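Colleague:
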Amino acid sequence: MLNPSAKLRACPERSEGINSVKHLFFCLGDGRFSGIPPQNDKSPDVLTNSAIVSKFFGRTAALSLIISALALPQAETSARIVTDSAGRKVAVPEQVERVYPAGPPASIFLYVLAPEKMLGWPRAPTPEEGALLAPAYRSLPDLGQLGDTANLEVVLETRPELVFDYGTIAPTYISLAERTQRQTGLPYLLIDGRFDNIVRSIRLMGAILGVEDRAEVLAGYAQRTFESLDKTLARTPADERPRVYLARGPDGLETGVRGSINTEIIERVGAINVAAAPGQQGLSRVSLEQVLRWNTDTILTLDERFYNTVWAHPVWSKLTAVQNKRVYLAPSLPFGWIDQPPSINRLIGITWLTRLFYPSAHQDRDMRDLVREFYRLFYQVKLSDMQLAELLKNAGPAAY
Numbered sequence: 009m010l011n012p013s014a015k016l017r018a019c020p021e022r023s024e025g026i027n028s029v030k031h032l033f034f035c036l037g038d039g040r041f042s043g044i045p046p047q048n049d050k051s052p053d054v055l056t057n058s059a060i061v062s063k064f065f066g067r068t069a070a071l072s073l074i075i076s077a078l079a080l081p082q083a084e085t086s087a088r089i090v091t092d093s094a095g096r097k098v099a100v101p102e103q104v105e106r107v108y109p110a111g112p113p114a115s116i117f118l119y120v121l122a123p124e125k126m127l128g129w130p131r132a133p134t135p136e137e138g139a140l141l142a143p144a145y146r147s148l149p150d151l152g153q154l155g156d157t158a159n160l161e162v163v164l165e166t167r168p169e170l171v172f173d174y175g176t177i178a179p180t181y182i183s184l185a186e187r188t189q190r191q192t193g194l195p196y197l198l199i200d201g202r203f204d205n206i207v208r209s210i211r212l213m214g215a216i217l218g219v220e221d222r223a224e225v226l227a228g229y230a231q232r233t234f235e236s237l238d239k240t241l242a243r244t245p246a247d248e249r250p251r252v253y254l255a256r257g258p259d260g261l262e263t264g265v266r267g268s269i270n271t272e273i274i275e276r277v278g279a280i281n282v283a284a285a286p287g288q289q290g291l292s293r294v295s296l297e298q299v300l301r302w303n304t305d306t307i308l309t310l311d312e313r314f315y316n317t318v319w320a321h322p323v324w325s326k327l328t329a330v331q332n333k334r335v336y337l338a339p340s341l342p343f344g345w346i347d348q349p350p351s352i353n354r355l356i357g358i359t360w361l362t363r364l365f366y367p368s369a370h371q372d373r374d375m376r377d378l379v380r381e382f383y384r385l386f387y388q389v390k391l392s393d394m395q396l397a398e399l400l401k402n403a404g405p406a407a408y
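Structure, rendered in structure tokens:
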């Protein structure tokens with residue numbers, strides 16, 4: 009065990025610059041050393057970060073002790089001030105080559121925009137997911153998710169120049185960003201992942217990462233997708249828009265509450281999400297009796313087990329949507345078309361649901377061609393006929 013009272017002495021031979029920021033290594037009395045990351049708001053007096061210290065005292069002495077309580081002089085770097093979606097002003101290097109994605113939505117955004125700058129995945133892709141990703145990025149390291157399975161030691165070991173999160177802007181995520189930035193000295197950006205912000209987010213991150221041309225192509229695609237949807241909605245009366253239930257999990261009784269990011273796509277395409285719960289957000293469990301009372305005309309599901317059993321279920325089979333064969337399994341590879349996670353991957357879901365809900369408005373192009381185009385442009389893969397058929401097999405008539 010590492011002795012908390014062990015004396016530290018400077019080890020000049022181990023001091024070095026990392027990410028253009030001075031890191032100083034300190035040696036313990038027995039010659040072991042530990043890296044001390046820089047801080048901007050602490051004085052170099054005592055080891056005050058008890059949360060981090062206690063976390064690592066429980067490990068073997070062979071592990072490096074990361075302490076975030078020491079302020080060190082930083083080398084001059086060229087930086088720009090970026091205001092993120094939380095209103096935080098963050099100093100970001102002029103040139104960014106190494107980016108740590110804080111969670112799954114951020115990793116998908118980075119993979120689509122600038123995969124060569126992504127340090128790894130919060131969760132390594134499964135073989136099925138990896139088959140629909142560019143070969144060079146299938147085997148990037150599994151980093152874990154910040155605030156969950158990743159810790160600050162893992163973050164620092166990857167030597168990022170920027171930590172990036174994409175999705176909901178909420179106090180929990182703001183607090184995590186502030187804490188991580190304070191303890192590591194790394195710039196941490198929070199970017200709003202809502203549909204209304206997608207085009208701006210792509211262009212902003214394109215400028216930050218120096219991939220403006222790529223960003224403009226992707227932003228243009230997103231903008232055209234929303235423009236096409238809005239034209240369809242403008243000529244569709246409210247009484248012709250479907251009432252939809254989103255069935256999650258193997259029993260179908262988990263759903264997304266209206267207004268949550270999990271069902272944002274349903275509401276954005278003009279459908280009525282029947283799971284309204286004023287004051288609630290996110291996911292919620294409901295009873296089968298409640299689903300029977302809603303008796304929607306359309307059911308969307310993310311779970312293949314539910315999809316395969318709903319047709320013969322003694323209760324579910326009584327619903328109008330089941331009797332009319334209007335239960336659809338959302339494609340999920342390499343990422344979900346509705347959710348899982350709610351990131352830029354949902355753009356193809358917009359196209360799919362628009363055609364599913366308003367079939368008479370879209371006769372210009374085959375959906376299969378649109379899926380091939382999206383996967384080539386966003387995921388950098390060319391779908392085979394077999395892959396395409398497997399992807400769309402339970403997605404309904406809009407997929408053909």
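For the sequence shown, this note's numbering gives the first residue as 9, with consecutive numbering after it.
Glycine is no exception: its CB is placed at the ideal position from the N, C-alpha and C atoms.
Just so you know, these numbers come straight off a predicted model, no measurement behind them.
1. Under 9 angstroms between the Cβ atoms of residue 128 and residue 160?
2. Got a sec, what are the start and stop residues for the beta strand (DSSP E) residue 4 sits in?
3. Is DSSP giving residue 332 helix, strand or coil here?
4. Report the option in 86, 116, 113, 293 whose CA atom is closest to the CA atom of residue 103.
5. Looking at the structure shown, is residue 100 part of a helix, part of a strand, or coil, going by DSSP?
6. In the DSSP output, what is residue 402 paired with across the bridge?
7. Within 10 angstroms of the Cβ of residue 193, are there 16 or more other Cβ atoms? Answer buried if so, exposed if not.
8. So, at 8 angstroms on beta carbons, what are the nonlocal neighbours of residue 107 in its own chain, with the 5 sequence-adjacent residues on each side left out?
9. Just to confirm my understanding: we take residue 92, look at its own chain, exclude 5 residues before and 5 after, and list those with CB closer than 7 angstroms. What are they?
10. Between residue 146 and residue 138, is the Cβ-Cβ spacing less than 9 angstroms?
11. Between residue 221 and residue 341, what straight-line distance do the alpha-carbon atoms span, to the nearest angstrom?
12. In its own chain, which residues sit with a C-beta less than 6 angstroms from the C-beta of residue 314, not counting the 5 before and 5 after it?
13. Compare the beta carbon distance of residue 272 and residue 354 with 9 angstroms and say whether it is the shorter of the two.
14. What is the C-beta distance between residue 409 and residue 334, in whole angstroms, given that I count them as a contact (C-beta under 8 angstroms)?
15. Going by Cα to Cα distance, which pick from 322, 266, 154, 105 is closest to residue 113?
16. Here's the rule I'm using: 16 or more other beta-carbon atoms within 10 Å means buried, otherwise exposed. How should residue 134 be labelled?
17. Whose C-beta lies closer than 6 angstroms to the C-beta of residue 48 among residues of the same chain, with five residues either side of it excluded?
18. Assess, as a yes-or-no matter, whether the stretch 273 to 285 is touched by the stretch 314 to 324 under the definition of 3 or more beta carbon pairs within less than 8 angstroms.
19. Which residue from 263, 141, 277, 250 puts its Cα closest to that of residue 285?
20. Under the DSSP definition of a beta bridge, which residues are partnered with residue 173?
21. Please confirm if residue 249 has its CB atom under 9 angstroms from at least one CB of chain C.
22. Sorted by chain position, which residues of the same chain lie with C-beta nearer than 8 angstroms to residue 402's C-beta, five sequence neighbours on each side aside?
23. The beta strand (DSSP E) that contains residue 253, what's its start and end?
24. Determine the direct distance from the alpha carbon of residue 111 to that of residue 188, and round the result to whole angstroms.
25. Looking at the structure shown, is residue 367 part of a helix, part of a strand, or coil, going by DSSP?
26. May I have the straight-line CA-CA distance separating residue 228 from residue 384, to the nearest angstrom?
27. Are residue 141 and residue 387 closer than 9 angstroms when you measure CB to CB?
28. Determine the contact status of residue 265 and residue 289, defining contact as a CB-CB distance below 9 angstroms.
29. With distances taken from CA atoms, which of 392, 95, 380, 368 is nearest residue 239?
30. Residues in the same chain with beta-carbon distance under 6 angstroms from residue 309, minus the five sequence neighbours each way, listed in chain order, please.
31. Do residue 270 and residue 455 count as a contact pair if the criterion is CB distance below 9 angstroms?
32. Tell me whether the beta-carbon of residue 364 lies closer than 9 angstroms to the beta-carbon of residue 380.
33. Counting along the chain, where does the beta strand (DSSP E) carrying residue 341 start and finish?
34. Excluding sequence positions up to five away, which residues of its chain have a Cβ less than 6 angstroms from the Cβ of residue 274?
35. Report the three-state DSSP secondary structure of residue 292 (helix, strand or coil).
Modeller: Result, derived from the coordinates:
1. Within the sequence shown, the letter at position 120 stands for residue 128. Within the sequence shown, the letter at position 152 stands for residue 160. Their beta carbons are not under 9 angstroms apart, which means residue 128 does not touch residue 160 by this criterion.
2. Lying before the first or after the last residue shown, residue 4 is absent from the chain, which here runs from 9 to 408.
3. Looking up residue 332 in the sequence shown gives position 324. In the three-state scheme derived from DSSP, where H, G and I count as helix and E and B as strand, residue 332 is classed as coil.
4. By one-based count along the sequence shown, residue 103 stands at place 95. Measuring from the Cα of residue 103, the nearest candidate turns out to be 86.
5. The residue given as residue 100 occupies position 92 in the sequence shown. In this structure, residue 100 counts as strand in the three-state DSSP scheme.
6. What you label residue 402 is simply residue 394 of the sequence shown in a count that begins at 1. Note: residue 402 is not bridge-paired with any residue in the DSSP secondary-structure output.
7. By one-based count along the sequence shown, residue 193 stands at place 185. Buried, since its Cβ has 16 or more Cβ neighbours within 10 Å.
8. What you label residue 107 is simply residue 99 of the sequence shown in a count that begins at 1. Around residue 107: 118, 122, 125, 126, 127, 168, 169, 170, 171, 172, 217.
9. For the purposes of this step, residue 92 is taken as the residue at position 84 of the sequence shown. Around residue 92: 98, 197, 198, 199.
10. Locating residue 146 in the sequence shown gives position 138, counting from the first residue. Locating residue 138 in the sequence shown gives position 130, counting from the first residue. Contact flag set, yes.
11. Working through the sequence shown from its first residue, we reach residue 221 at position 213. Working through the sequence shown from its first residue, we reach residue 341 at position 333. Computed Cα separation, rounded: 27 angstroms.
12. Position 306 of the sequence shown, counted from the start, is the residue given in the question as residue 314. Only residues of its own chain outside the window of five on either side were considered, and among them 255, 258, 260 have a CB closer than 6 angstroms to the CB of residue 314, listed in chain order.
13. Position 264 of the sequence shown, counted from the first residue, corresponds to residue 272. Position 346 of the sequence shown, counted from the first residue, corresponds to residue 354. Against a cut-off of 9 angstroms, the Cβ pair of residue 354 and residue 272 comes out as a contact.
14. Residue 409 cannot be examined here, being either before or after the span of the chain that is shown, 9 to 408.
15. On the sequence shown, residue 113 is found 105 positions in, with the first residue counted as 1. For the residues 322, 266, 154, 105, the minimum Cα distance to residue 113 belongs to 154.
16. Against the sequence shown, residue 134 aligns to sequence position 126. The C-beta of residue 134 has fewer than 16 other C-beta atoms within 10 Å across all chains shown, which makes the residue exposed.
17. By 1-based counting over the sequence shown, the position of residue 48 is 40. Note that residue 48 scores 38 on pLDDT, short of 50, meaning its location in the model is unreliable and no value can be drawn from it.
18. Too few Cβ pairs lie closer than 8 angstroms, so no.
19. To locate residue 285, count along the sequence shown from 1; it is residue 277. With distances taken between Cα atoms, residue 285 lies closest to 263.
20. Translated into positions along the sequence shown, residue 173 becomes position 165. DSSP links residue 173 through a beta bridge to 198.
21. Looking at the structure shown, chain C is missing, and only one protein chain is on hand.
22. To locate residue 402, count along the sequence shown from 1; it is residue 394. So the qualifying residues of the chain are 312, 315, 336, 337.
23. As a first step, residue 253 must be located in the sequence shown, where it is residue number 245. Per DSSP, the unbroken beta strand (DSSP E) holding residue 253 starts and ends at 251 to 255.
24. On the sequence shown, residue 188 is found 180 positions in, with the first residue counted as 1. On the sequence shown, residue 111 is found 103 positions in, with the first residue counted as 1. So the two alpha carbons sit approximately 14 angstroms from each other.
25. Walking along the sequence shown from the start, residue 367 turns up at place 359. Secondary structure of residue 367 (DSSP, three-state): helix.
26. In the sequence shown, the residue the question calls residue 228 occupies position 220. In the sequence shown, the residue the question calls residue 384 occupies position 376. Each residue's alpha carbon lies about 15 angstroms from the other.
27. Along the sequence shown, read from residue 1 onward, the residue named residue 141 stands at position 133. Along the sequence shown, read from residue 1 onward, the residue named residue 387 stands at position 379. The Cβ atoms of residue 141 and residue 387 sit closer than 9 angstroms to each other.
28. The residue you call residue 265 lines up with position 257 of the sequence shown. The residue you call residue 289 lines up with position 281 of the sequence shown. Cβ atoms of residue 265 and residue 289: closer than 9 angstroms.
29. Taking the first residue of the sequence shown as position 1, residue 239 is located at position 231. That would be 368, whose Cα lies nearest to the Cα of residue 239.
30. For this step, residue 309 is matched to residue 301 along the sequence shown. Hits under 6 angstroms: 255, 315, 337.
31. Outside the shown range of the chain, which is 9 to 408, sits residue 455, and nothing can be said about it.
32. Reading the sequence shown from its first residue, position 356 is the one you call residue 364. Reading the sequence shown from its first residue, position 372 is the one you call residue 380. No, Cβ-Cβ distance for residue 364 and residue 380 is not below 9 angstroms.
33. For this step, residue 341 is matched to residue 333 along the sequence shown. That residue, residue 341, is in no beta strand (DSSP E); it is neither H nor E in DSSP.
34. The residue labelled residue 274 in the question sits at position 266 within the sequence shown. Contacts found: 252, 281.
35. Residue numbering aside, residue 292 sits at position 284 when the sequence shown is read from its first letter. If DSSP states are grouped into helix, strand and coil, residue 292 belongs with the strands.
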